[in-house]
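*Asks:* The structure's right below; bear with me while I get my questions together.
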Amino acid sequence: MSYDLLFEFQSPVQAEELGRYFAARPNYQSENGAFYQNPATGVYFKFTWPTDAKGSRSFSRSAFNMNFFRPHVFALEAEPEVRSFVERFSARVQDPQKDGMGDGPYSTNGFLNGWNTGNEYACEAALTMQAPSHKFYTLPANEIERVWRWNFSIASTQASFGESLFVPRIMPLLINGELRTVVVWGDGIPELIPEVDMLLIIRDELAPVSANGVHQKDKCLVLQSSVNEILAPLSDDRFALRVRKPTYNVAPDAVRKFIRSLPQATDHITGVAMDSILDGELVRKFARSA
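Residues 45 to 334, numbered by my numbering, are exactly what the sequence shown covers, in order.
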């Protein structure tokens, strides 16, 4: 199940021109067209264009494809890319999706409406076919969007701070069977810590010392609230989430003492891909009850 658009060019477009266009944009790879995959957000989709039996290198049409049964932020990230493509190549759209654009000019609202409607139908179909005991990973839609906005802007946020502090990616992790939002914090370094559920603290310099005097690198897992006494409080700023902005360049004694005092994590930790986390509202709407 996927969201599919067809684009008609006013005049044929050369393959080299399409290649140059996508090569100049981040996160694209040439793969039977142009495949977009953002490692920071987990969003992916593709543009394709056909060749005829003679191997023509110019095209009068192209297509866009993005899977349904995904969190709604997939459409938020794809929309500017589709809009830019349509504007660059003066393309008209053929959109067969319900509540979509139909045949004609492109519109942002039409794209988002068409994808969201189709995604809801896909979720309904998939969820109602599952056994009541089947577990889906979910988060509230607004939380998914805040995490996505944070991760989407990591590069620009990091650039604004330079090397003065580290900006982490928010990771969804399954911790002892429960989905949590987590960032990694290494040895108390200056880090812009967003409002997530937990911090995964990697100890190296501050790790326990073995009998032979060697630091045994390990990891600890703490709730966000556990660092209230040693770090600046969460505060509103220009970011997608509240943040703790460090007030030091080198970890102070209180931070180092806290990290050294932590027990090594023994939790069962598993990574969860963002494309498998559904808007909780859709799952509650359509999942079969036990």
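Each residue gets a CB set at the ideal place from its N, CA and C atoms; glycine is no exception. Every value quoted in this text rests on a predicted model; they were computed, and no experiment measured them.
1. Our contact map puts F113 next to L49 with C-beta atoms below 8 Å; I'd like the distance itself, whole angstroms only.
2. Measure the alpha-carbon distance for P94 versus F129 and round it to whole angstroms.
3. Considering only residues of the same chain and omitting the five flanking positions on each side of A170, which have a CB-CB separation below 6 Å?
4. What three-state label does DSSP hand D48 in the structure shown?
5. Taking the alpha-carbon positions, what's the N256 to G221 distance?
6. Let me know if L265 comes out buried or exposed under the rule of 16 or more other beta-carbons within 10 Å of its beta-carbon.
7. Is the number of C-beta pairs between the region 237-255 and the region 285-296 that are closer than 8 Å three or more?
8. Consult DSSP for N114 and reduce its assignment to one of helix, strand or coil.
9. With a 10 Å radius around its C-beta and 16 neighbouring C-beta atoms as the bar for buried, classify Y47 as buried or exposed.
10. Compare the C-alpha of E164 against each of N272, D143 and Y72 and name the closest.
11. Rounded to whole angstroms, what is the Cα-Cα separation between I198 and R328?
12. Go ahead and pull the three-state DSSP assignment for V287.
13. In chain order, what residues of the same chain have a beta carbon less than 8 Å from the beta carbon of F196, not counting five sequence neighbours either side?
14. Would you call the region 280-289 and the region 311-323 in contact, with 3 or more CB pairs under 8 Å?
15. Are C167 and F51 close, meaning C-beta to C-beta below 9 Å?
16. If contacts are defined as beta-carbon pairs under 8 Å, then V228 and L244 qualify, I think. What distance do you get, rounded to the angstrom?
17. Would DSSP call S320 helix, strand or coil?
18. Using the three-state DSSP reduction, which class does F91 fall into: helix, strand or coil?
19. Is it true that the CB of L275 sits closer than 9 Å to the CB of T225?
20. If contacts are defined as beta-carbon pairs under 8 Å, then E235 and F210 qualify, I think. What distance do you get, rounded to the angstrom?
21. Output yes if chain C places a C-beta closer than 9 Å to the C-beta of K263; else output no.
22. Would you mind giving the Cβ-Cβ distance between Y65 and R132, rounded to the nearest angstrom? I have them listed as a contact below 8 Å.
23. Are the beta-carbon atoms belonging to R193 and A119 less than 9 Å from one another?
24. Which residue spans inside the region 168-216 form an unbroken beta strand (DSSP E) run of at least 3?
25. Report the three-state DSSP secondary structure of N293 (helix, strand or coil).
26. Rounded to a whole number of angstroms, what is the C-alpha to C-alpha distance between I237 and R190?
*Replies:* Answer, in terms of the structure:
1. The Cβ separation is near 18 Å, so there is no contact.
2. Their backbone Cα atoms lie some 17 Å apart in a straight line.
3. F113
4. Strand.
5. 36 Å
6. So L265 counts as buried.
7. yes
8. Checking the sequence, you will find Arg at residue 114 rather than Asn. Correct three-state label for R114: coil.
9. By the neighbour-count rule (16 or more Cβ atoms within 10 Å), Y47 is buried.
10. D143
11. So the two alpha carbons sit approximately 31 Å from each other.
12. strand
13. N82, A84, T85 and E121
14. With a cut-off of 8 Å, the region 311-323 and the region 280-289 do not count as touching, because too few Cβ pairs lie within range.
15. no
16. 5 Å
17. helix
18. In this structure, F91 counts as strand in the three-state DSSP scheme.
19. no
20. With a Cβ gap of about 5 Å, E235 and F210 count as contacting.
21. The displayed structure is made up of one protein chain only, and chain C is not part of it.
22. 6 Å
23. no
24. 181-183
25. coil
26. 14 Å
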